[in-house]
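*Asks:*
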Amino acid sequence: MDNNNQLYHSIVAWINKLQAHEIHKEKLIDSILDLKDGVILAKLFNLCVPNNYKIDESQMYTEDVDNWAFTLKNLNIIYDSISSYNTEVNQKSTPEIEFLSIFNEDNKVAMLQLIEEVFGIVLQSEMKNEFITAIIDLDEEDQEKLSHFLKKLLKVNSNDKIRLDTDQSLEDHHHFSLNESGLKQQQSKDSKGYTQDKELLKKIDEIELELGKEKKKFETLKLDYDQLNLKILSFQEQIEKKDQLIDKLIKQRDEFLNSTGYQSFEDAQQEIKNKQNKISDLNKIIDELKNDHQDAIKNLKDEINLHEKKLEKYKNYEKMVETVKTLNEENKYLEKRVQECEKIVEDMKKRNTELSQKVQDKEEMMKKKYEQKQLVQKNIDLETELGSKTAECQQLQQDIYELQQLNSRQEEQIKTLNKKVQELQMKSSEKKRAMTPTKRNLSSDFNDMVNKLEMHEYYRKQSRHQTDINLPKIQTNFSQIDEEEHSQKKEQAEQQEGHEFQTPNPNQDGEKNELNTNEKEEQYRDMEENYELLQLENEKLRSQIKKMQQDIAKKSSVSDQYKQIYQLQEEKAKLESEVAILEKKCSQQQQDGDDDKSKIIKNLQDTIKSLKERVGFLQEENKELKEHSQQSEQADKLKLEMQKLKKQIDFFKLESEDKRKQLEEEIKLLVGVINEIRMKTFDLSNSGNKSQLISESLISNSQATQNSLQNQEINRQISNNSVRMPSQK
Numbered sequence: 001m002d003n004n005n006q007l008y009h010s011i012v013a014w015i016n017k018l019q020a021h022e023i024h025k026e027k028l029i030d031s032i033l034d035l036k037d038g039v040i041l042a043k044l045f046n047l048c049v050p051n052n053y054k055i056d057e058s059q060m061y062t063e064d065v066d067n068w069a070f071t072l073k074n075l076n077i078i079y080d081s082i083s084s085y086n087t088e089v090n091q092k093s094t095p096e097i098e099f100l101s102i103f104n105e106d107n108k109v110a111m112l113q114l115i116e117e118v119f120g121i122v123l124q125s126e127m128k129n130e131f132i133t134a135i136i137d138l139d140e141e142d143q144e145k146l147s148h149f150l151k152k153l154l155k156v157n158s159n160d161k162i163r164l165d166t167d168q169s170l171e172d173h174h175h176f177s178l179n180e181s182g183l184k185q186q187q188s189k190d191s192k193g194y195t196q197d198k199e200l201l202k203k204i205d206e207i208e209l210e211l212g213k214e215k216k217k218f219e220t221l222k223l224d225y226d227q228l229n230l231k232i233l234s235f236q237e238q239i240e241k242k243d244q245l246i247d248k249l250i251k252q253r254d255e256f257l258n259s260t261g262y263q264s265f266e267d268a269q270q271e272i273k274n275k276q277n278k279i280s281d282l283n284k285i286i287d288e289l290k291n292d293h294q295d296a297i298k299n300l301k302d303e304i305n306l307h308e309k310k311l312e313k314y315k316n317y318e319k320m321v322e323t324v325k326t327l328n329e330e331n332k333y334l335e336k337r338v339q340e341c342e343k344i345v346e347d348m349k350k351r352n353t354e355l356s357q358k359v360q361d362k363e364e365m366m367k368k369k370y371e372q373k374q375l376v377q378k379n380i381d382l383e384t385e386l387g388s389k390t391a392e393c394q395q396l397q398q399d400i401y402e403l404q405q406l407n408s409r410q411e412e413q414i415k416t417l418n419k420k421v422q423e424l425q426m427k428s429s430e431k432k433r434a435m436t437p438t439k440r441n442l443s444s445d446f447n448d449m450v451n452k453l454e455m456h457e458y459y460r461k462q463s464r465h466q467t468d469i470n471l472p473k474i475q476t477n478f479s480q481i482d483e484e485e486h487s488q489k490k491e492q493a494e495q496q497e498g499h500e501f502q503t504p505n506p507n508q509d510g511e512k513n514e515l516n517t518n519e520k521e522e523q524y525r526d527m528e529e530n531y532e533l534l535q536l537e538n539e540k541l542r543s544q545i546k547k548m549q550q551d552i553a554k555k556s557s558v559s560d561q562y563k564q565i566y567q568l569q570e571e572k573a574k575l576e577s578e579v580a581i582l583e584k585k586c587s588q589q590q591q592d593g594d595d596d597k598s599k600i601i602k603n604l605q606d607t608i609k610s611l612k613e614r615v616g617f618l619q620e621e622n623k624e625l626k627e628h629s630q631q632s633e634q635a636d637k638l639k640l641e642m643q644k645l646k647k648q649i650d651f652f653k654l655e656s657e658d659k660r661k662q663l664e665e666e667i668k669l670l671v672g673v674i675n676e677i678r679m680k681t682f683d684l685s686n687s688g689n690k691s692q693l694i695s696e697s698l699i700s701n702s703q704a705t706q707n708s709l710q711n712q713e714i715n716r717q718i719s720n721n722s723v724r725m726p727s728q729k
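Just so we're aligned, residue 1 is where the sequence shown starts under UniProt numbering, counting upward by one.
1) Can you give me the C-alpha to C-alpha distance between Leu-245 and Gln-238, rounded to a whole angstrom?
2) Quick check: the Cα distance between Val-321 and Leu-311, rounded to an integer number of angstroms?
3) Which residues mark the beginning and the end of the alpha helix (DSSP H) in which Asn-76 is found?
4) Mind reading off the beta-carbon distance from Tyr-85 to Tyr-53? Whole number of angstroms is fine, and I expect it under 8 Å.
5) So, do the segment 130 to 139 and the segment 84 to 101 have three or more beta carbon pairs nearer to each other than 8 Å?
6) Can you look up Gly-261 in the DSSP assignment and give me helix, strand or coil?
7) Quick one: measure Cβ to Cβ for Asp-37 and Asn-67, integer angstroms, because I've assumed they're closer than 8 Å.
8) Any idea if Thr-260 is buried or exposed, counting beta-carbon neighbours within 10 angstroms, 16 or more meaning buried?
9) Closest to Asn-107 by C-alpha separation, out of Ser-31, Gln-59, Leu-44 and Cys-341, would be which residue?
10) Please report the residue range of the alpha helix (DSSP H) in which Ala-111 lies.
11) From Gly-120, Ile-121, Phe-119 and Glu-98, pick the residue whose C-alpha is nearest to that of Ala-110; which is it?
12) Locate the alpha helix (DSSP H) running through residue 730, then write down its first and last residues.
13) Do Leu-35 and Lys-145 have their CB atoms nearer than 7 Å?
14) Taking the C-alpha atoms as reference points, what is the distance between Lys-358 and Glu-318?
15) The alpha helix (DSSP H) spanning Thr-133 covers which residue range?
16) Use the C-beta contact count for Glu-117: other C-beta atoms within 10 angstroms, 16 or more gives buried, fewer gives exposed.
17) Ala-42 and Glu-63 look like a contact to me (Cβ under 8 Å); what is the Cβ gap, rounded to whole Å?
18) When you measure from the CB of Ser-487 to every non-hydrogen atom of the ligand MG, does any distance come out below 6 Å?
19) Count the other CB atoms within 10 Å of the CB of Val-49; is the residue buried (16 or more) or exposed (fewer)?
20) Tell whether a beta-carbon distance below 7 Å holds between Asn-291 and Gly-672.
21) So what does DSSP say about Cys-341, is it helix, strand or coil?
22) Report the three-state DSSP secondary structure of Glu-105 (helix, strand or coil).
23) Are the beta-carbon atoms belonging to Ala-134 and Lys-27 less than 7 Å from one another?
24) Who are the near neighbours of Thr-503 in its chain, counting only those whose CB is closer than 8 Å to its CB and skipping five residues on each side?
25) Return the first residue and the last residue of the alpha helix (DSSP H) that Asn-3 is part of.
26) Just the Cα atoms here: how many angstroms apart are Phe-119 and Leu-153?
27) Under the three-state reduction of DSSP, which class applies to Ile-246: helix, strand or coil?
28) From the DSSP output, in three-state form, read off Glu-92 for me.
29) Restricting to Cα atoms, I'd like to know which of Leu-44, Asn-379, Asn-51 and Ile-77 is closest to Met-60.
30) Going by CA-CA distance only, name the one from Glu-96, Asn-258 and Lys-369 that's closest to Leu-233.
31) Cα-Cα, which of Met-426, Glu-483, Gln-425 and Arg-409 is closest to Leu-533?
32) Between which two residues does the alpha helix (DSSP H) holding Asn-46 run?
33) Suppose you measure from the CA of Tyr-401 to the CA of Gln-394; what does that come to, to the nearest Å?
34) For Lys-54, which of helix, strand or coil comes out of DSSP?
35) If you draw a straight line from the C-alpha of Asp-302 to the C-alpha of Leu-669, how long is it?
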């Protein structure tokens, strides 16, 4: 294996070992070219750099890695971030790398340059010890190669402290690894190892002395290196400018070939050579004629130059006028179309307003009709309710009439009872005078019982509202009874006082009292039976009244529900009929409106087609602009560097414009000379055929000279700038 191939192999082993130490989690690689997608290098760079210098991994392509365009973009992103870090932190410039050669030629040297830049930044970071410890697990050959590789990187770095620390750590790790391998292989040779260690220590001292000398040399070389980098940057800027000019000239050449119809530039050069030969022949003829007519030619030259300048001005003016005319015509046409569209839009708006007003009017009419229908339905419902209520009132009147009859019957019965009570009272009052005091006591007790029963009946009868008319009569009767009882008590007291002086007949008085008590008991029983019958009849009437009230409430609720359902059904039917009428009218109006709309839409479609055609041309022109805009997004990162280069670019533009103007003036002079000769020969020659042939040949040759001069300039600039650096756009 060569030294470079062995170095590539050791770098691959080191990066795979970093994955084992979990410094990165990407896939293993087999070759150094597997790093050209830039994913692993970007992650290693981000581990060792502050946040403001980290690469945005979202901008990198990780899926279509086989596409070289995407991987090239990834490498450019890494290179830009490295260059910005070196300029701002390390204060040094980064050398340019030919990334295209990596993809076209599998250039491992260019890939190694990028790896050196990344690991140079790694050795300056705090993560350097973790990267160096991964080297210990490798073979001895890989350790030696990587130690030389890292020492080379440390010599390039500008920070001396970082360089010395990393140098010592590398030597320590290297010696540690060598000692471990030596202990495993040479356990039996302790004495020889001791002598070898002494020799190594001596060599280390010598190397340190040499390092001190080389440091001074390195500082001087560093200054020279920085100066060379500045020169290289200036050269690169000039080369980039020339590359841009070359690109422009190549485009002009391609445009020239497309305009003339030549397949290749060689065909055009051959025709130019043929025309140059013809021109040389004509120049000989012209020289002969010049010698004959020099004075006249000079005067004609001056006149021709003036006329040509005027003609060029007029041509330019004519072109501008034609372009202005075409633009004015297009603007007028577009303005007309816009006015037509505006008129159509206004008509559509008016029609829409009219239709909306009609719809509103119809809605108002529908609302009014709906309200009228509701009123009619309400009237119908009220009439039905009145009919049902009148029927209910008639039934209630019949029930009231029946109740009145029952009340009248009860009143008659009460009157009969009252009469009987009065008769009994009259009889009792007549018999009291003849009764003895003992008999009077019995009658008074019986009368008290009767009075209590009557009072009980009286309090029960108060709950009945239908018998309120007879209450005052009953009260008067009871008041009379009370007065009679009070008077009887007084009489009994008087009779007891007189009984002491009289002698009673017990046999006669006992018989009379028995007869009176039997009669009163029978009357009392009859009154109780009548009273019970009246209570039963009252309870029956109350139950019937409650049932009637419940039936009335049920009928009223059910009737209300039926009425509501009936009203809703009627409203539904009426609304359906009105909706059908409106749908018919709307369909007619839509048919009328659709005809108008179709005409308007056709006009609009015609205008839109014309505008689309116009927009199509603009879109084709804008596609190129979009492509350039996509490239400009990538160029935003280079704005800082481009600002420094603007002044030099402007200066170069001025020089190129001056040269271009000089060449144009020379071409104009040549054309003027040729035209002067043509006019002079036309005036002086006697034969018209010769003059016509000469004039046509001169015109064709003048055009050929212009094209030849342009092509010569293009070839000259291409030959001067044949060596191109890769662009970083």
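We put the CB at the ideal spot given by N, CA and C, even for glycine.
*Replies:* Per the coordinate set shown:
1) 11 Å
2) 15 Å
3) 68 to 85
4) 5 Å
5) no
6) coil
7) Not confirmed; about 10 Å, so no contact.
8) exposed
9) Ser-31
10) Reading the sequence as shown, one finds Met at residue 111 and not Ala. First-last of the alpha helix (DSSP H) with Met-111: 108 to 123.
11) Glu-98
12) In the structure displayed, the chain extends from 1 to 729; residue 730 sits before or after that span and is not available.
13) no
14) 59 Å
15) 128 to 136
16) buried
17) Not quite, the Cβ-Cβ distance comes to about 15 Å (not below 8 Å), so this is no contact.
18) By its list of ligands, the structure shown contains no ligand whatsoever, and the ligand MG lies outside what it can speak to.
19) buried
20) no
21) helix
22) coil
23) no
24) At Thr-503, the pLDDT of 43 sits below 50, so the modelled position is not reliable and the matter cannot be decided from this model.
25) 3 to 20
26) 8 Å
27) helix
28) It should be noted that the sequence gives Lys, not Glu, for residue 92. It is coil, neither helix nor strand.
29) Ile-77
30) Glu-96
31) Arg-409
32) 39 to 47
33) 10 Å
34) coil
35) 11 Å
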